[in-house]
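Visitor:
Residue numbers (my numbering): 18 to 172.
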């Protein structure tokens, strides 16, 4: 309740406020996050879009989920771990998560771009943007932001 009230009186842009509701913090590099949430259909031929960040986010997400599964299922074989990871990191799950966190309200795309995975792809791109910002900014470390991987903190 207090967070929503605080956001209402904030001087941040509407985009920043919505992004805060998804991330839980105000990012420093807004352009990177705008790129993460911009589908290729929205830009002309040369504008920045989210496909490269999607690639990175997919790799980060797969790695993080892989490590969590590895640590939580010490007696299971590789086949089980791979199958579990693919059930977690798949288009249907990512799309559902994107809707649950209201990412669909932030993604910029042309009306004609209506394929089913647009929001799941944007979620992966957002993960890529967060990864870049957390990895390469001291602000994230100063603010106590980071990813906890089973007791090991990244930044």
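Ideal placement from N, C-alpha and C gives every residue a C-beta, glycine not left out.
1. Check residue 29 in the structure and name its three-state DSSP category.
2. Applying the 10 Å Cβ sphere with the 16-neighbour rule, what's the burial state of residue 91?
3. Of the residues 34, 29, 118 and 55, which one's Cα is nearest the Cα of residue 146?
4. If I measure Cβ to Cβ from residue 165 and keep anything under 6 Å in the same chain, skipping five residues before and after, which residues do I get?
5. How far does the alpha helix (DSSP H) with residue 47 in it extend, from its first residue to its last?
6. Take residue 138 and list the residues in its own chain whose beta-carbon comes closer than 6 Å to its own, dropping the five residues that flank it on each side.
Guide: The answer reads as follows:
1. For the purposes of this step, residue 29 is taken as the residue at position 12 of the chain shown. It is coil, neither helix nor strand.
2. Taking the first residue of the chain shown as 1, we reach residue 91 at position 74. Result: exposed.
3. Residue numbering aside, residue 146 sits at position 129 when the chain shown is read from its first letter. Answer by Cα proximity: 55.
4. Taking the first residue of the chain shown as position 1, residue 165 is located at position 148. Caution applies to residue 165, whose pLDDT of 47 falls short of 50 and renders its modelled position unreliable; the value that the coordinates give is listed next. If we look at residue 165 and ignore the five residues flanking it on each side, it has no Cβ neighbours.
5. Counting from 1 along the chain shown, the entry for residue 47 is found at position 30. Looking at the DSSP string, the run of the alpha helix (DSSP H) that includes residue 47 is 47-53.
6. Your numbering for residue 138 matches position 121 in the chain shown. The residues are 71.
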